[in-house]
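Structure first, then comments.
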Amino acid sequence: MKVNCEYGGGCDLLFGTKQETYELPSSSTAWTVGELLLWLAEKHLKTTQENFLQGDSVRPGILVMINEMDWELLDTTNYVLKENDTVIFFSTLHGG
Amino acid sequence: MCSIGNELENGSEKYMPHIDKTQVDKQKCNKCKEATPCILLRGKDSYCKPCFLLNTNHKFKLLLGKSKLIRPRDKVLVTYEIGHPSTALLHLIRDGLNLNTPKKLTFDPVFVFVDDQYHLSLSERKDVISNILTEAAHHEFKIKFLSFVDWVLYNRIILSDNSDYIKADDGDKIVSLFTKKMNETNRKEFFNIEKKNALIAVAKQLECKFIFKPDISVDVASNLLINISLGKGSQISMDTGFCDDRDDSVKVLSPLRLFDMKELAFYNLLNKLNPVAIRQIKVDPYSSAQNLLKKFVTELQEGYPATVTTVVKTGDKLVSDIKVLGKCKFCKGPVFKNSELNSEESTHFSKLVSTYLPDRDMSKQDRFDDIKKTFESTVYMTPQHCYSCSKISEYLLDDGSD
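Quick mapping for you: the protein sequence lines, in order, are chains A and B. Just so we're aligned, residue 1 is where the first sequence starts under the UniProt record's numbering, counting upward by one. Just so we're aligned, residue 1 is where the second sequence starts under the UniProt record's numbering, counting upward by one.
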């Protein structure tokens, strides 16, 4: 399954890219955003996990939008990903 | 027998009810009641994109308009800081200036960035300045840069249009400023006040009557608690209110004080604005009172979305009614005097009595009168600094003025 990820507001510094399309490994169960977070942190994060994750969700201060919709309206980490979904990670922590 | 309150005795009902986020109406926008919402604010209010953008613009102009302080063609110094609030502020101002309706903004903005990013390398600092210039140009604004180290060390205001002012040893100069060991809380407080003083000085040089600072609600709430913890409770209404009028000719306004970070970050995201980002530095939340209180407010806000609003609204009701003796030489805040001794003066008296060598030839009453006179001659002089600044006054450079 393909998923488009976009990184902004400083999240691009964490992943070394502003946009990337990933081919997720096939799985017997459907991929949730929560699982995507862990997979991204393990495979593509360029810094330590604590800069991106807290527990099984994103670190407070990182906002997530799925297909132009706040993920809080979509049950956050439990949202089941569909083919070609666009997930945007936007940091509010990289100011000064 | 009355049974009101009995329910408090059985278990969970004594706690604040938990809002189940899955119960929030996600089908319809809170405002237009028609469109599908795209953002959830405060854990309960959902808005569609057009209503959210309209609301954000309206809220910004409402706060400015309600104050009735700014007149047409007044020059306003807008403080730029790296992050979402300033990016949103640039867009909100440009949007307001471009309007053709009576709600058009009519002031003349001047953007200034006080560069104090000394934790970054030389090339990173130059990149940041270049990115800020690009962002300002995107909104058809010009921005000027002030070297913070030049201001702190030499009280010098040299405004630059590019990154030429950046020197490799700026960071070392700031470190060498303090010959004595200064704790992180006092250091932060010192820099905060110096930054504000620098902006007021720039505003005067550029003939601006107002300064916009991009503080958002969480900054206001944590500043309020920081003020209390630093013994600056009397300055709360100035430091955390909409208008700080402690300077006679320049008023400092906080036009974003009712916005939260999520609101402004989504405003930027939906307007396809990507703010300038800098490398994050690891902040130890326990290294200063400021860091700790910011962490406290932010974390409480995560669980209880009304936290910041409650603190801000409570702060809005706080004013001081104590007689003002004068202005603090450093922060320009009021210096107060109570009719009774305050805790600081009592400690001072106690120290004086225990270290004073009495003249044994004098009678008991004369000795008492003598020490009382000595105490009064010191404590009843108008202090030059407010209580909080007196804690950092030994580090301040004397500018020779009274």
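From the three backbone atoms N, C-alpha and C, an ideal C-beta is built for every residue, glycine too.
For B:Cys243, the three-state secondary structure derived from DSSP is strand.
Judged by their CB atoms, A:Thr92 and B:Ala168 are not nearer to each other than the 8 angstroms cut-off. Between the beta-carbon of B:Ile200 and that of B:Ile193 there is about 11 angstroms, and that puts the pair past the 8 angstroms contact cut.
Spanning the alpha carbons of B:Cys331 and B:Glu344 requires a straight line of approximately 19 angstroms. For A:Phe90, the closest Cβ of chain B is nearer than 8 angstroms. Using a 10 angstroms sphere on the CB of B:Pro102, the tally of other CB atoms stays under 16, which defines it as exposed. In terms of Cβ geometry, B:Leu206 and B:Lys75 form a close pair [threshold 8 angstroms].
Look at B:Ser123 here: in three-state DSSP terms it is helix.
Listed along the chain, the chain B residues whose CB falls inside 8 angstroms of the CB of A:Leu93 are Gln280. Between A:Leu74 and A:Ile66, the C-beta gap is smaller than 8 angstroms, which places the two residues in contact.
When only Cα atoms are considered, B:Arg94 and B:Ser346 end up about 54 angstroms apart.
Counting the other Cβ atoms within 10 Å of the Cβ of B:His91 gives 16 or more, which makes it buried. DSSP lists B:Lys327 as the bridge partner or partners of B:Pro334.
Here the alpha carbon of B:Asp245 sits roughly 45 angstroms from the alpha carbon of A:Thr48. Assignment of B:Gln235 by DSSP, reduced to helix, strand and coil, places it in the helix class. By the Cβ criterion, the stretch 103-114 of chain B is not in contact with the stretch 261-276 of chain B, since fewer than three pairs of Cβ atoms, one from each stretch, lie closer than 8 angstroms. Residues are counted here when their Cβ sits less than 9 angstroms from a Cβ of chain A; for the stretch 46-57 of chain B these are Ser46, Lys49, given in chain order. Cβ-Cβ distances below 8 angstroms link B:Ser234 to Ser320, Ile322, Gly333, Pro334, Phe336, Cys386 in the same chain, with the five nearest sequence neighbours on each side left out; the list follows chain order. Distance from B:Ile82 to B:Val128 at the Cβ level is roughly 7 angstroms; contact confirmed, criterion being Cβ atoms closer than 8 angstroms. Under the DSSP assignment, A:Gln19 falls in the beta strand (DSSP E) whose first and last residues are 19-23. In this structure, A:Lys46 sits near A:Leu14, with a CB-CB distance shorter than 8 angstroms.
Using a CB distance cut-off of 8 angstroms, B:Asn274 counts as an interface residue toward chain A. For B:Leu292, the uninterrupted alpha helix (DSSP H) run begins and ends at 289-303, by DSSP. Considering only beta carbons, no part of the stretch 31-43 of chain A lies closer than 8 angstroms to chain B. Contacts between A:Met65 and chain B, judged by CB atoms closer than 7 angstroms, involve Leu269 in chain order. The stretch 225-234 of chain B makes contact with the stretch 289-301 of chain B, as at least three CB pairs between them are under 8 angstroms.
Taking all protein chains in view, the Cβ of B:Gly65 is surrounded by fewer than 16 other Cβ atoms within 10 Å, so the residue is classified as exposed. Here DSSP, grouped into helix, strand and coil, assigns B:Tyr118 to coil. If only complete runs of 3 or more residues are kept, the stretch 115-201 of chain B shows the beta strand (DSSP E) at 143-147, in order along the chain. Under DSSP, the beta-bridge partners assigned to A:Cys5 are A:Glu20, A:Val87. A distance of 8 angstroms or more separates the beta carbons of B:Cys32 and A:Asp70.
By the rule that beta-carbons nearer than 8 angstroms mark a contact, A:Gly8 touches chain B.
The beta carbons of B:Val149 and B:Asp164 sit no closer together than 8 angstroms.
The beta-carbon distance between A:Leu37 and A:Trp31, rounded to whole angstroms, is 11 angstroms. This is too long to meet the 8 angstroms contact definition. Short of 6 angstroms from the beta carbon of B:Glu299, and not among the five residues preceding or following it, lies no beta carbon of its own chain.
Within chain B, the residues Cys38 have their CB atoms less than 7 angstroms from the CB of A:Glu68, given in chain order.
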